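First up is the structure itself, then whatever we jot down about it.
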Amino acid sequence: MARNVRIGALGPAPFIVEKGLAWDQIARRAIAHWDEWIDKLLPEEPDLIVLHEACDRPANLTSGEKKAYYFERGLTVLEHMQSVARREGVNIAYSSEHPAEDGRLRNRTSFIGRDGEIRGHYDKNHLVREENTEHGIVFGEDAPVVNMDFGTVAGVTCFDLNFDELRMKYERSRPELLVFCSMYHGGFVQQQWAYACRSWFVGAVCNLPCSVISPVGEVVARSTNYYPYVAHTINLDYAVVHLDYNWDRLDALRRKYRRGVQVHDPGLLGSVLITSECDVPAAEMVKEFGIELLDDYMARALRHRHEALGMEE
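According to the numbering used here, the stretch in the sequence shown is residues 63 to 375, in order.
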């Protein structure tokens, strides 16, 4: 059945501060900056708001000043985001350099629920070298899938996008939504991740286009140079299938469910996205008509290759 979720992503330019401001004043400036931008997105009634990487860090601090700020600022901005989530009844993905319980810094995305409680977090696995050597941030090691009230999410941060190691973990765990908080855009690699993981993808990128991408790698919404934020409704009741061996079955599916199902072809890919728009889940539709999922088809093709090679030997 349709599981519609309204996703919002914010990617404004970073804020700057006057030299000599106290650390608590900088934190208050960060809060004011983000309150203003979140307020612009709230009329869209998002279920989830995603903020770009290191969102509460001023652009004009030196390396040493940044590290001092992170520890002096502590959890002030995080706690404010929790209060915003409670007040507005919205989930928030908040990205910041986080002073963890062990006294070390993490580049962390905190997933905050509508009640203000933290549902989980993701620590950036693949740091740029200077993040570690100069800023004292330690590498994340896990790739958790976090349960939110609308579905499952997983974090990706900036430089992570370049590494197959993390992506392959998500290819196995299959989160419904990849949440990308970044200073770096990544171009078409965003679309590769969405398709490879069979996941929806939302990217909040600082001062660059924010995007919503479907599980078949198609950009369905993007921010502009005039509005550095985007909001789009996605349907998390979906299945990705290849056209091979499924043509007649897909036709039969459409004939029965009509407007109750969408079979979207992005073109040129050979794979399509099935989404349920009625009270029958997409998984049941696929099972009812014997439609083979893309993953099952590729696994079957690979098995056949191995078997054929074995017979040749």
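Virtual Cβ for every residue (Gly too), placed ideally from N, Cα, C. Note that the coordinates shown come from a computational prediction; the quantities given were computed from them, not determined experimentally.
Just the Cα atoms here: how many angstroms apart are residue i and residue j?
i: I296; j: H326; result: 13 Å
i: E354; j: I69; result: 29 Å
i: I180; j: L330; result: 41 Å
i: R234; j: G202; result: 19 Å
i: I100; j: D306; result: 44 Å
i: Y184; j: H304; result: 32 Å
i: L228; j: A205; result: 7 Å
i: R365; j: M373; result: 12 Å
i: R149; j: W96; result: 15 Å
Could you name the residues of the same chain whose beta carbon sits closer than 7 Å to that of residue i, not counting the 5 residues immediately before and after it, in chain order?
i: F351; result: R311, A314 and L315
DSSP beta-bridge partners for residue i?
i: L239; result: V215 and W262
i: F173; result: A155 and G182
i: A283; result: V274
Since residue i is in the beta strand (DSSP E), which residue starts that stretch and which ends it?
i: Y300; result: Y300 to H304
i: L140; result: Premise fails: L140 lies in the alpha helix (DSSP H), T138 to E150, not in any beta strand (DSSP E).
i: T295; result: Y291 to N297
i: N66; result: N66 to L72
i: R191; result: From DSSP, R191 is part of no beta strand (DSSP E) but of the alpha helix (DSSP H) over R191 to T195.
i: V334; result: S333 to S338
i: V112; result: L110 to L113
Between which two residues does the alpha helix (DSSP H) holding residue i run?
i: E88; result: The question names Glu, but residue 88 in the sequence shown is Ile. Its alpha helix (DSSP H) spans residues W85 to L103.
i: A314; result: W309 to Y319
i: R135; result: S125 to R135
For the candidate residues the options, whose alpha-carbon lies nearest to that of residue i?
i: N169; options: A155, A345, L364 and Q144; result: A155
i: E163; options: E98, F212, G136 and I275; result: G136
i: N287; options: F250, H142, L364 and P271; result: P271
i: V208; options: E196, F225, N194 and G175; result: G175
i: D211; options: G198, E141, A121 and G178; result: G178
i: A92; options: A147, L110 and P120; result: P120
i: G249; options: I275, N153, C259 and R236; result: I275
Hey, is residue i close to the ligand SAM, as in C-beta under 7 Å from one of its heavy atoms?
i: T195; result: No copy of the ligand SAM appears in this structure; indeed no ligand is present at all.
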